[in-house]
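Keeping their order, the protein sequence lines are chains A and B. Heads up, the first sequence is in our numbering, so the first residue is 1 and it goes up one at a time. Heads up, the second sequence is in our numbering, so the first residue is 1 and it goes up one at a time. Worksheet: one structure, shown below.
Number of protein chains: 2
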Amino acid sequence: MAEAVRHDKTARQLRLLSDALDSGRLGPVRRLVNTLAPAEIGNLLESLPPAKRQVVWGLVDPEDDGEVLVHVGDEVRESLLADMDPDEIVAAVEDLDIDDLADLVEDLPDTVIDEVLKSMDRENRERLEQVLSYQEDTAGRLMNPDVVTVRADTTVDVVLRYLRLRGELPEHTDHLYVVSRRHQYLGRIALQVLLTHEANTPINQLIDDEQPAIDVVESGDEVARKFSDHDWISAPVVDDGNILLGRITIDDVVDIIRDQAEHQALSAAGLDEDEDMFSPVPRAFRRRVVWLGVNLCTAFLAASVVGRFEGTIQQIVALAVLMPIVAGMGGNAGTQVLTLMVRGLALGQIGSSNSRTLLWKEVRVALMNGLTLGTLLGLIVWVWYRDVELSLVITSALTINLASAALGGVLVPLALKRMGFDPALAGGVILTTITDVMGFLSFLGLATLILLR
Amino acid sequence: MAEAVRHDKTARQLRLLSDALDSGRLGPVRRLVNTLAPAEIGNLLESLPPAKRQVVWGLVDPEDDGEVLVHVGDEVRESLLADMDPDEIVAAVEDLDIDDLADLVEDLPDTVIDEVLKSMDRENRERLEQVLSYQEDTAGRLMNPDVVTVRADTTVDVVLRYLRLRGELPEHTDHLYVVSRRHQYLGRIALQVLLTHEANTPINQLIDDEQPAIDVVESGDEVARKFSDHDWISAPVVDDGNILLGRITIDDVVDIIRDQAEHQALSAAGLDEDEDMFSPVPRAFRRRVVWLGVNLCTAFLAASVVGRFEGTIQQIVALAVLMPIVAGMGGNAGTQVLTLMVRGLALGQIGSSNSRTLLWKEVRVALMNGLTLGTLLGLIVWVWYRDVELSLVITSALTINLASAALGGVLVPLALKRMGFDPALAGGVILTTITDVMGFLSFLGLATLILLR
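Here it is, written out as structure tokens:
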């Protein structure tokens with residue numbers, strides 16, 4: 001329901017826009033587009049086929065260009081940049097926050113980067129270079145060096161006068177940071193604390209030093225986790241000497257959380273979260289064919305198991321009819337366990353201390369499922385083929401395959417994680433190979449042993 | 001890599017805790033647990049098997065009990081509540097924020113709810129009843145009625161004096177809300193604006209009325225979307241008469257975004273995001289068996305297609321060996337398209353105006369994949385069986401099935417959405433049924449037509 005509302009709204013905008021584009025009336029399109037926030041424009045551009053996308057991109061207020069570029073996936077961004085002059089690009093990005101600019105800079109042509117650097121003042125250029133010196137997906141790349149600092153040996157009144165002199169504060173400033181003479185991070189003061197204390201209160205009585213600073217080399221995932229565990233709005237970033245380098249704000253963290261979720265959902269299907277929905281057919285083909293090729297290899301592995309039993313199938317052709325059921329059910333059951341494991345691993349909830357308990361639980365659940373559904377399946381097969389032995393074979397085979405699925409569902413992601421691979425990416429392919437192979441092997445193997453006696 | 005760091009850290013905590021629990025030394029466990037934030041304790045409790053979970057839960061500082069309850073899934077929460085006396089529960093929840101309390105209240109026993117209501121003062125009781133009067137998953141249920149309001153006809157100085165008198169502000173207050181005499185929402189003033197303007201500045205010069213208020217009946221998804229599109233930290237909530245009712249803060253929105261992502265990942269495998277990883281075997285069994293039962297029915301549908309061709313398979317047993325490849329590859333390719341569609345629909349990026357373009361693109365990609373991989377498959381089959389006609393049959397069947405997969409991958413989620421169902425939940429089952437049926441039908445059907453001439 002809820003999603004439907006959202007969907008209707010954007011779909012209506014899309015339709016309005018499409019109709020206006022089709023009729024060539026660009027005035028209304030421009031007006032519609034420029035009532036939207038940059039992130040919304042980005043969303044809209046991502047949902048337009050290339051030709052219309054370029055038209056709408058040309059109508060976006062140049063002031064918003066930079067922010068829109070920040071809010072689209074890599075592949076769409078590339079297509080938008082391809083459409084701009086170097087001058088336009090420089091104008092678009094030069095007013096961005098340092099962290100956003102750092103995010104974009106790698107996608108820009110070298111000549112443009114030089115121009116952008118030249119257009120910046122020395123302080124900002126140094127800040128950008130500093131941010132870029134940290135590895136992608138670390139706190140250093142997420143931080144904005146623009147922070148407001150105060151000294152501990154002063155009073156509320158002095159700070160208030162300083163702030164009035166300074167004028168506007170950086171966006172989402174909810175705390176001032178207290179630093180030593182050597183710019184070491186000592187603690188923070190909430191704006192609301194400043195507002196609710198008398199003018200003559202010494203600053204050092206108001207310092208909150210409970211929130212630990214974030215280490216500049218910490219991973220983006222770790223940063224996101226801390227923000228959501230502690231309900232932070234912003235957090236200071238320090239180097240290993242505790243020198244304050246910048247601050248990370250919740251809006252960037254929300255983007256990380258969204259990206260993580262997309263990555264997990266898409267990588268399970270062998271997709272990239274930066275893929276343009278309307279990317280050119282040859283490009284989409286090249287990307288998909290690799291993944292499908294891997295799956296083709298695993299399918300051959302399963303087929304070669306069936307090939308071993310050609311003689312059995314020749315004698316009892318019902319086996320060919322029923323074998324996809326045994327294999328497929330294993331795949332379904334295994335995917336359930338795998339999905340729970342991938343989530344548990346991502347949340348850090350699964351380790352050596354509880355994985356055995358989990359494995360044992362899942363195997364028991366699988367045995368109950370196997371006996372229940374296996375018996376049901378056996379009954380149906382009996383009604384279909386009137387062969388008690390065939391029924392017993394499929395009941396046993398399903399139970400064996402569901403138990404294998406549970407074992408694989410728990411152990412495959414644990415092993416992948418230990419080897420440093422992403423369980424969300426490779427887990428599904430490996431697991432369904434196991435359940436296919438085990439399904440065919442147990443069903444056709446038992447059939448050969450029991451039915452061909 | 002990034003995830004591995006987090007994983008190592010929590011896994012180490014888990015191991016330490018487990019070792020300490022095993023040895024019966026509860027002192028270190030208590031100390032370890034109470035260095036953690038409530039959300040971290042919740043995460044830890046979710047990763048413990050029931051027996052250890054109850055021990056650790058007994059060691060949590062009672063002051064944190066309420067916040068921990070807010071941060072665990074429904075099923076784990078139930079198990080924790082089952083362990084507490086009514087008095088303990090009342091003590092745990094009575095200091096929670098109204099929005100958190102509203103979130104919990106439905107899981108509490110009726111007698112406890114009465115006790116909690118009695119322990120509250122009249123103002124808070126009325127606020128709670130108001131929040132509870134809105135539907136779950138709407139802005140009304142997410143908001144906290146505790147807001148700081150000021151009048152427009154005053155000055156910065158007066159407001160500052162009022163704030164100093166008032167003392168502490170509600171958590172995450174970044175704006176004060178300006179209301180009329182009738183409590184209608186007029187706009188907001190950032191704390192940093194108050195701090196950077198002279199004492200005698202009139203408030204009505206500082207009002208920001210650009211951010212639209214959130215309607216109290218808006219869905220949680222819509223609220224989350226707005227927050228992330230506009231980088232909001234907090235937003236006012238109003239009724240249809242523009243009366244200010246409360247405010248929503250980003251920390252609750254982060255929870256919604258996480259829940260959405262979990263829901264999407266888990267529902268595709270027929271799982272519930274509130275499932276306890278260690279739920280009792282009979283309960284887990286009951287839940288899983290329903291989903292697997294549905295899949296069993298669809299597997300029979302596919303098997304019955306194979307059953308139609310028993311005669312053909314009897315004559316050419318190679319077909320039984322190869323048919324799972326054709327069906328399985330269709331499933332893989334279809335899942336890729338479905339995953340992209342589910343994401344696009346969730347983001348509101350797909351509507352009637354672009355779905356045809358998308359369909360056409362995906363069909364072309366599928367045809368290229370089909371011809372490439374089909375030819376490869378045909379070659380391998382030729383090497384294996386030395387039968388040109390069989391090779392041609394499998395090449396054509398794979399191409400047909402990949403094209404069906406693309407059609408189904410685009411059309412199934414669109415149709416589900418239109419009928420008001422969740423494409424993430426039912427899409428996979430329907431789609432793999434289509435690709436299984438089409439895979440068997442095209443391969444065995446073509447084989448019957450061409451090879452048995």
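Backbone N, C-alpha and C define an ideal beta-carbon position, used for all residues, glycine too. Since this is a predicted model, take the numbers as computed values, not measurements.
Mapping the DSSP letters down to three states, classify His197 of chain B as helix, strand or coil. Translated into the one-based positions of the second sequence, residue 197 of chain B becomes position 197. Note: His197 of chain B maps to coil in three-state DSSP.
Contact criterion: CB-CB distance below 9 Å. Does Ser18 of chain A meet it with respect to chain B? In the first sequence, residue 18 of chain A corresponds to position 18, counting from 1. Taking Cβ atoms only, chain B reaches closer than 9 Å to Ser18 of chain A, which makes this a yes.
Out of A:Gln264, A:Gly140, A:Glu168 and A:Val238, which one is the CA nearest neighbour of Thr339 of chain B? Numbered from 1 along the second sequence, position 339 holds the residue referred to as residue 339 of chain B. Ranking the options by Cα distance to Thr339 of chain B, first place goes to A:Gln264.
Rounding to the nearest angstrom, what Cα-Cα distance links Ala426 of chain A and Leu266 of chain A in this structure? Taking the first residue of the first sequence as position 1, residue 426 of chain A is located at position 426. Taking the first residue of the first sequence as position 1, residue 266 of chain A is located at position 266. Approximately 12 Å between the Cα atoms of the pair.
Beta-carbon separation (whole angstroms), Val131 of chain B vs Arg141 of chain B, contact threshold 8 Å: The sequence position of residue 131 of chain B within the second sequence is 131, counting from 1. The sequence position of residue 141 of chain B within the second sequence is 141, counting from 1. Indeed they touch by this definition, with Cβ atoms about 6 Å apart.
Can you grab the Cα-Cα spacing for the pair Leu165 of chain B / Thr149 of chain B, in whole Å? Within the second sequence, the letter at position 165 stands for residue 165 of chain B. Within the second sequence, the letter at position 149 stands for residue 149 of chain B. About 14 Å.
Give, in chain order, every unbroken run of the alpha helix (DSSP H) that is at least 4 residues long and sits entirely within the stretch 53-109 of chain B. 62-70, 74-81, 86-93 and 98-105
Just how far apart, CA to CA, sit Arg453 of chain A and Leu392 of chain A? Here the question's residue 453 of chain A lines up with position 453 in the first sequence. Here the question's residue 392 of chain A lines up with position 392 in the first sequence. Their backbone Cα atoms lie some 15 Å apart in a straight line.
Can you give me the C-alpha to C-alpha distance between Asn200 of chain B and Val159 of chain B, rounded to a whole angstrom? For the purposes of this step, residue 200 of chain B is identified with residue 200 of the second sequence, where counting begins at 1. For the purposes of this step, residue 159 of chain B is identified with residue 159 of the second sequence, where counting begins at 1. Near 10 Å, if we compare the C-alpha coordinates of Val159 of chain B and Asn200 of chain B.
With the cut-off set at 9 Å, would you say His183 of chain B and Leu117 of chain B are in Cβ contact? Translated into positions along the second sequence, residue 183 of chain B becomes position 183. Translated into positions along the second sequence, residue 117 of chain B becomes position 117. Against a cut-off of 9 Å, the Cβ pair of Leu117 of chain B and His183 of chain B comes out as no contact.
In or out: Ala139 of chain B buried (at least 16 other Cβ within 10 Å) or exposed? Taking the second sequence and counting its residues from 1, the one referred to as residue 139 of chain B is at position 139. Buried: at least 16 other Cβ atoms inside 10 Å.
At which residues does the alpha helix (DSSP H) containing Pro423 of chain A begin and terminate? Residue numbering aside, residue 423 of chain A sits at position 423 when the first sequence is read from its first letter. Pro423 to Leu451 is the span of the alpha helix (DSSP H), which, as asked, contains Pro423 of chain A.
Looking only at its chain, what residues have a beta carbon closer than 7 Å to the beta carbon of Pro50 of chain A, apart from the 5 residues adjacent to it on each side? Position 50 of the first sequence holds residue 50 of chain A. Ser79 and Phe278, listed in sequence order.
Write down the C-beta distance between Ala152 of chain B and Asp174 of chain B rounded to the nearest angstrom, noting that I regard them as a contact closer than 8 Å. On the second sequence, residue 152 of chain B is found 152 positions in, with the first residue counted as 1. On the second sequence, residue 174 of chain B is found 174 positions in, with the first residue counted as 1. At roughly 19 Å, the Cβ-Cβ gap does not stay under 8 Å, so Ala152 of chain B and Asp174 of chain B are not in contact.
Nearest-angstrom Cα distance between Gly344 of chain A and Val68 of chain A? By 1-based counting over the first sequence, the position of residue 344 of chain A is 344. By 1-based counting over the first sequence, the position of residue 68 of chain A is 68. The straight-line gap from Cα to Cα measures roughly 35 Å.
Within its chain, find whatever has a CB closer than 6 Å to the CB of Ala320 of chain B; leave out the 5 residues flanking it on each side and keep chain order. Against the second sequence, residue 320 of chain B aligns to sequence position 320. Correct list, in chain order: Ile313.
Option nearest Asp100 of chain B by Cα separation, candidates B:Glu218, B:Ala303 and B:Val72: Locating residue 100 of chain B in the second sequence gives position 100, counting from the first residue. Residue B:Val72 is the option with its Cα nearest to Asp100 of chain B.
Asp48 of chain A vs Leu26 of chain A beta-carbon contact at 9 Å: For the purposes of this step, residue 48 of chain A is taken as residue 48 along the first sequence, with counting starting at 1. For the purposes of this step, residue 26 of chain A is taken as residue 26 along the first sequence, with counting starting at 1. Residue identity check: residue 48 of chain A is Leu in the sequence provided, not Asp. Their beta carbons are not under 9 Å apart, which means Leu48 of chain A does not touch Leu26 of chain A by this criterion.
Considering only the beta carbon of each residue, do Leu322 of chain A and Asp436 of chain A sit closer than 9 Å? Locating residue 322 of chain A in the first sequence gives position 322, counting from the first residue. Locating residue 436 of chain A in the first sequence gives position 436, counting from the first residue. In this structure, Asp436 of chain A does not lie closer than 9 Å to Leu322 of chain A by Cβ.
Would you kindly report the start and end of the unbroken beta strand (DSSP E) that includes Gly246 of chain B? Working through the second sequence from its first residue, we reach residue 246 of chain B at position 246. Taken as a continuous stretch (DSSP letters only), the beta strand (DSSP E) holding Gly246 of chain B covers Leu244 to Thr249.
Along the beta strand (DSSP E) that carries Pro236 of chain B, what are the first and last residues, could you check? The residue given as residue 236 of chain B occupies position 236 in the second sequence. Run containing Pro236 of chain B: Ser234 to Val238, per the beta strand (DSSP E) assignment.
Can you find a C-beta in chain B that's less than 9 Å from the C-beta of Asp74 of chain A? Within the first sequence, numbered from 1, the residue matching residue 74 of chain A stands at position 74. Closer than 9 Å: no.
What does the alpha-carbon distance come out to for the pair Phe285 of chain B and Phe443 of chain A? The sequence position of residue 285 of chain B within the second sequence is 285, counting from 1. The sequence position of residue 443 of chain A within the first sequence is 443, counting from 1. Phe285 of chain B and Phe443 of chain A: Cα-Cα distance of roughly 23 Å.
Kindly give me the distance between the Cβ atoms of Val70 of chain B and Leu104 of chain B, rounded to whole angstroms, as I take these residues to be in contact under 8 Å. Working through the second sequence from its first residue, we reach residue 70 of chain B at position 70. Working through the second sequence from its first residue, we reach residue 104 of chain B at position 104. Between Leu104 of chain B and Val70 of chain B the Cβ distance is about 6 Å, and since that is below 8 Å, they are a contact.
Do you know offhand how far Ile89 of chain B's Cα is from Ala102 of chain B's? As a working note, residue 89 of chain B is residue 89 in the second sequence. As a working note, residue 102 of chain B is residue 102 in the second sequence. Approximately 14 Å, taken between the alpha carbons.
Does the stretch 241-261 of chain A touch the stretch 372-382 of chain A, meaning 3 or more C-beta pairs lie closer than 8 Å? no
Candidates A:Ile434, A:Leu206, A:Asn204 and A:Pro280, of which the one nearest Ala303 of chain A by Cα: For the purposes of this step, residue 303 of chain A is identified with residue 303 of the first sequence, where counting begins at 1. Here the closest residue by C-alpha is A:Ile434.
Please name the residues in the stretch 12-45 of chain A whose beta-carbon is closer than 7 Å to at least one beta-carbon of chain B, in chain order. Leu14, Arg15, Ser18, Ala37, Ala39, Glu40 and Asn43
Residue span of the alpha helix (DSSP H) that contains Ile380 of chain A, given as start and end: As a first step, residue 380 of chain A is located in the first sequence; it is residue number 380 there, counting from the start. Ser355 to Tyr385 is the extent of the alpha helix (DSSP H) around Ile380 of chain A.
Is there a C-beta anywhere in chain B that falls below 9 Å from the one on Gly344 of chain A? In the first sequence, counting from the first residue as 1, residue 344 of chain A sits at position 344. By this cut-off, Gly344 of chain A is an interface position.
Kindly indicate if chain A contains any beta-carbon less than 9 Å away from that of Ala299 of chain B. Against the second sequence, residue 299 of chain B aligns to sequence position 299. Interface residue, yes.
Can a CB atom of chain A be found closer than 9 Å to the CB of Asp65 of chain B? For the purposes of this step, residue 65 of chain B is identified with residue 65 of the second sequence, where counting begins at 1. It does not; no Cβ of chain A falls within 9 Å.
Out of curiosity, what's the CA-to-CA distance linking Arg418 of chain A and Leu431 of chain A? On the first sequence, residue 418 of chain A is found 418 positions in, with the first residue counted as 1. On the first sequence, residue 431 of chain A is found 431 positions in, with the first residue counted as 1. In a straight line, the C-alpha of Arg418 of chain A is about 16 Å away from that of Leu431 of chain A.
Quick one: is Gln205 of chain B near chain A, going by C-beta distance under 9 Å? Within the second sequence, residue 205 of chain B is the residue found at index 205, counting from 1. It does not; no Cβ of chain A falls within 9 Å.
Note down the Cα distance separating Leu377 of chain B from Asn369 of chain B, rounded to an integer number of angstroms. As a working mapping, residue 377 of chain B is identified with position 377 in the second sequence. As a working mapping, residue 369 of chain B is identified with position 369 in the second sequence. Cα to Cα, the separation comes out at about 11 Å.
Please compile the residues from chain B whose C-beta is within a distance smaller than 7 Å of the C-beta of Phe285 of chain A. If you number the first sequence from 1, residue 285 of chain A lands on position 285. Within 7 Å Cβ-Cβ: Val365, Met368 and Asn369.
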